[in-house]
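If you're matching positions, the sequence shown starts at 0 in numbering that gives the first Met the number 0 and goes up one per residue.
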Amino acid sequence: MSEHRIFSTKFSSVYPLYLQKAGRKGRTKAEVDRVIQWLTGYSEAQLQQQVQREADFRTFFAEAPSLHPNSSLIKGVVCGVRVEEVEDPLMRKIRYLDKLVDELAKGKALEKVLRQ
Numbered sequence: 000m001s002e003h004r005i006f007s008t009k010f011s012s013v014y015p016l017y018l019q020k021a022g023r024k025g026r027t028k029a030e031v032d033r034v035i036q037w038l039t040g041y042s043e044a045q046l047q048q049q050v051q052r053e054a055d056f057r058t059f060f061a062e063a064p065s066l067h068p069n070s071s072l073i074k075g076v077v078c079g080v081r082v083e084e085v086e087d088p089l090m091r092k093i094r095y096l097d098k099l100v101d102e103l104a105k106g107k108a109l110e111k112v113l114r115q
């Protein structure tokens with residue numbers, strides 16, 4: 000089975016789409032960044048460095064300081080797929096991120112998005 004193309008997609012090409020999606024619903028770049036930082040453990044500077052160096056999703060998650068321990072609490076459907084049932088670990092992390100941005104864009108309180 001061939002590898003999914005999202006793994007080699009540059010995070011920097013998807014990041015503006017996350018910002019745009021959340022922005023359409025009145026959410027800020029700071030909120031999107033906070034969600035990404037919560038999931039990955041990146042600092043603001045580290046996150047911006049990943050964007051600037053155009054790391055692909057595989058590298059972005061491989062170099063992430065630490066996946067948040069509460070990330071396993073992220074449940075639901077993204078693009079018709081239940082995130083908790085995704086078998087590939089990298090794809091599950093990408094779906095987690097998609098789900099968090101979706102929840103933010105749908106107006107969910109940041110504390111709930113961050114599973115606090």
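All C-beta atoms, glycine included, are put in the ideal place defined by N, C-alpha and C.
Note that this is a predicted model, so its numbers are computed, not measured.
- Task: Would you decide whether A63 is buried or exposed? Buried here means 16 or more other CB atoms lie within 10 Å of its CB.
- Result: buried
- Query: For R81, which residues does DSSP report across the bridge?
  - Reply: V76
- Query: At which residues does the alpha helix (DSSP H) containing L38 begin and terminate?
  - Reply: K28 to T39
- Query: Cβ of G75 within 8 Å of Cβ of V85?
  - Reply: no
- Item | Spatial distance of C78 from K98 (CA atoms) | 9 Å
- For I93, the first and last residue of its enclosing alpha helix (DSSP H): P88 to A104
- Is L16 buried or exposed, if buried means 16 or more other CB atoms sit within 10 Å of its CB? exposed
- Query: Roughly how many whole angstroms lie between the Cα atoms of P88 and R94?
  - Reply: 10 Å
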